[in-house]
Amino acid sequence: MADAATAQAVVEKYGPLQNAVDVPRPYAIPLPPNANPRPQWEVGTRYWWSEGSTSFDIDSSRLDPTLYGSPTSTLTYDGVTGNSLEFFMSVRNETDTFFKGFIGGGWLGGGSLDDEDFFAGQVKFSDTYSEIDGEGSFYLTLDVGQDFDVGYSGNLVISPFVGFNYWQESIDAYGARCNRDDVGGAFCGPAGSTAVPFGTKVINNKSMWSSLRLGTEVTARLFDRVTFRGDAAILPAAYLLNDDSHYLRSDLGPTPNIDDSGTGWGYQLEGELKIDVDDNWTLGAGVRYWYAETGGISEFIESRTEVDLQDFTSERFGVFGNVSYRFSTF
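Counting from 1, one number per residue, gives the positions in the sequence shown under UniProt numbering.
This is the structure we're talking about:
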């Protein structure tokens, strides 16, 4: 009450204050923008439908060129369809260094095996058809690299990387139907006849590639919520270990009875369109192609006999769809 009376006395004596100071209201100080505005984490799942092939030649002519052809055996696994599921992720720090990768696997089936054998002079003495039914795939890719903004406001980013890829496919072949050969079916039977019922497993082939990846990812924002992502990698060193199991060849010993190995090269390509559903969720669809080839050594394990492995190639092409969630931790 005393303070109020004093204030009133001041006003009565000197009049109201003419130059009152306006004190601004407090306001929030805006924070500086994030030095790296892109989401720092992305995790998701992907489905990949694909079709692939594996083919290789075994050349035993160095053992006896008067008896064995060059190549001696040619095996072609073709039209092998795959259905696989993947988990993928990527993480970036404040300096735009990134780590990304995916792990997946699934089921293989469909397609056929053509198994051809030759005497010297490439006289085909056996040619059989088998059906592929079963087994699966497993694969893993890990990359580390650096983002470089080359477009306006991050609309175009080029990201070179180095990484590792493991790619495994195991294929079961059943039955054997004789195709036309050069010796009138003397070893297999008349063309079109069934030498082994199609309910009997005759061969399993398990290829395992371990490869160095050198490549670049390109990310381009096409529209407000639509982004293109491309990934291309060369495999300058691709090591193959292949287990070849012939179940009806007791003379070759227990399975796997042939080991193939070699170091070659390959490449992997991928393209994807991504649509931002909101600030966190993204849908994507794209295409992928993998290829690897090598030569090397084929070892018949029971007899410890080594011959030449030629033109071993694996390839797989398909389409995929995925969903991912993005978030930041700083």
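All C-beta atoms in this analysis are idealised placements derived from N, C-alpha and C, irrespective of residue type, glycine included.
For clarity, every value in this text was computed on a predicted model and none was experimentally measured.
Could you say which of Asp308, Gly266, Val277 lies nearest to Ser314 if we only look at CA atoms? Residue numbering aside, residue 314 sits at position 314 when the sequence shown is read from its first letter. Ranking the options by Cα distance to Ser314, first place goes to Gly266.
In chain order, what residues of the same chain lie with their CB nearer than 8 Å to the CB of Tyr77, ignoring the 5 residues before and after it? Locating residue 77 in the sequence shown gives position 77, counting from the first residue. So the qualifying residues of the chain are Ser53, Thr54, Ser55, Gly111, Ser112, Leu113, Ile132, Ile171, Ala173, Asn205.
Span of the beta strand (DSSP E) holding Asn83? The count along the sequence shown starts at 1 and reaches residue 83 at position 83. Here the beta strand (DSSP E) through Asn83 covers 68 to 92.
In angstroms, rounded to a whole number, what distance separates the CA positions of Val323 and Thr227? Mapped onto the sequence shown, residue 323 falls at position 323. Mapped onto the sequence shown, residue 227 falls at position 227. Taking the straight line joining both Cα atoms gives about 14 Å.
Cutoff 7 Å; reference Asn179; Cβ partners in own chain excluding five residues on either side: If you number the sequence shown from 1, residue 179 lands on position 179. Excluding sequence neighbours, Asn179 sits near Asp127, Thr128, Tyr129, Ala191.
Under 9 Å between the Cβ atoms of Asp260 and Leu212? Along the sequence shown, one-based indexing puts residue 260 at 260. Along the sequence shown, one-based indexing puts residue 212 at 212. Against a cut-off of 9 Å, the Cβ pair of Leu212 and Asp260 comes out as no contact.
Using DSSP bridges, identify the partner residues of Pro160. Stepping through the sequence shown from its first residue, residue 160 is reached at position 160. Note: Pro160 sits in a beta bridge opposite Thr216.
Can Ala195 and Asp115 be called in contact, C-beta distance under 9 Å? If you number the sequence shown from 1, residue 195 lands on position 195. If you number the sequence shown from 1, residue 115 lands on position 115. The answer is no: Cβ separation not under 9 Å.
Within the continuous beta strand (DSSP E) that includes Phe138, where are the two ends? Taking the first residue of the sequence shown as 1, we reach residue 138 at position 138. Where Phe138 is concerned, the enclosing beta strand (DSSP E) stretches over 123 to 146.
Compute the beta-carbon to beta-carbon distance between Gly163 and Asp147, rounded to the nearest angstrom, for a pair I have assumed lies under 8 Å. On the sequence shown, position 163 is the one that residue 163 refers to. On the sequence shown, position 147 is the one that residue 147 refers to. Not quite, the Cβ-Cβ distance comes to about 15 Å (not below 8 Å), so this is no contact.
I need the straight-line Cα distance from Asn155 to Phe198, nearest angstrom please. Here the question's residue 155 lines up with position 155 in the sequence shown. Here the question's residue 198 lines up with position 198 in the sequence shown. Looking at the two C-alpha atoms, the distance is approximately 55 Å.
Using the three-state DSSP reduction, which class does Gly182 fall into: helix, strand or coil? Mapped onto the sequence shown, residue 182 falls at position 182. It is worth fixing the name first, because residue 182 is Asp in this sequence and not Gly. Note: Asp182 maps to coil in three-state DSSP.
Rounded to a whole number of angstroms, what is the C-alpha to C-alpha distance between Phe161 and Phe300? For this step, residue 161 is matched to residue 161 along the sequence shown. For this step, residue 300 is matched to residue 300 along the sequence shown. One C-alpha to the other measures close to 39 Å.
Could you tell me if Val287 is buried or exposed, where buried requires 16 or more neighbouring beta carbons within 10 angstroms of its beta carbon? For the purposes of this step, residue 287 is taken as the residue at position 287 of the sequence shown. It counts as exposed.
Given a threshold of 16 other Cβ atoms within 10 Å of its Cβ, counted over all protein chains shown, does Val157 qualify as buried or as exposed? On the sequence shown, position 157 is the one that residue 157 refers to. Burial call: buried.
Alpha carbon to alpha carbon, how far is Glu169 from Gln40? Taking the first residue of the sequence shown as 1, we reach residue 169 at position 169. Taking the first residue of the sequence shown as 1, we reach residue 40 at position 40. Spanning the two alpha carbons is a distance of roughly 33 Å.
Tyr152 - DSSP class collapsed to helix/strand/coil: Translated into positions along the sequence shown, residue 152 becomes position 152. Note: Tyr152 maps to helix in three-state DSSP.
Under 9 Å between the Cβ atoms of Tyr139 and Gly185? Taking the first residue of the sequence shown as 1, we reach residue 139 at position 139. Taking the first residue of the sequence shown as 1, we reach residue 185 at position 185. Contact: no.
Supposed close pair Glu293, Gly264 - CB separation, criterion 8 Å: Translated into the one-based positions of the sequence shown, residue 293 becomes position 293. Translated into the one-based positions of the sequence shown, residue 264 becomes position 264. Right, their Cβ atoms sit about 5 Å apart.
Near Asp149, what residues of its chain come up, given a Cβ to Cβ distance below 7 Å and the 5 sequence neighbours on each side ignored? Against the sequence shown, residue 149 aligns to sequence position 149. Val157, listed in sequence order.
What span of residues does the beta strand (DSSP E) with Ala232 cover, start to end? The residue given as residue 232 occupies position 232 in the sequence shown. Counting along the chain, the beta strand (DSSP E) containing Ala232 begins and ends at 226 to 246.
Quick check on Gln268: buried or exposed, where buried means 16 or more other Cβ atoms within 10 Å of its Cβ? The sequence position of residue 268 within the sequence shown is 268, counting from 1. Buried, because 16 or more other Cβ atoms sit within 10 Å of the Cβ of Gln268.
Can you tell me which of the three DSSP states Leu222 falls into? In the sequence shown, residue 222 corresponds to position 222, counting from 1. Note: Leu222 maps to coil in three-state DSSP.
Considering only heavy atoms of the ligand NAP, does any lie closer than 8 Å to the CB of Val226? Of the ligands one can find in the structure shown there are none, so the ligand NAP has no counterpart to examine.
Report the CB separation of Glu51 from Gly79 in whole angstroms; it is logged as a contact under 8 Å. Sequence index remark: in the sequence shown, residue 51 carries index 51 (1-based). Sequence index remark: in the sequence shown, residue 79 carries index 79 (1-based). At roughly 6 Å, the Cβ-Cβ gap stays under 8 Å, so Glu51 and Gly79 are in contact.
In chain order, what residues of the same chain lie with their CB nearer than 6 Å to the CB of Trp107, ignoring the 5 residues before and after it? By 1-based counting over the sequence shown, the position of residue 107 is 107. Excluding sequence neighbours, Trp107 sits near Asn83, Gly136.
Cα-Cα, which of Pro71, Ile103, Ala233 is closest to Gly215? Here residue 215 refers to the residue found at position 215 of the sequence shown. Closest by alpha carbon: Ala233.
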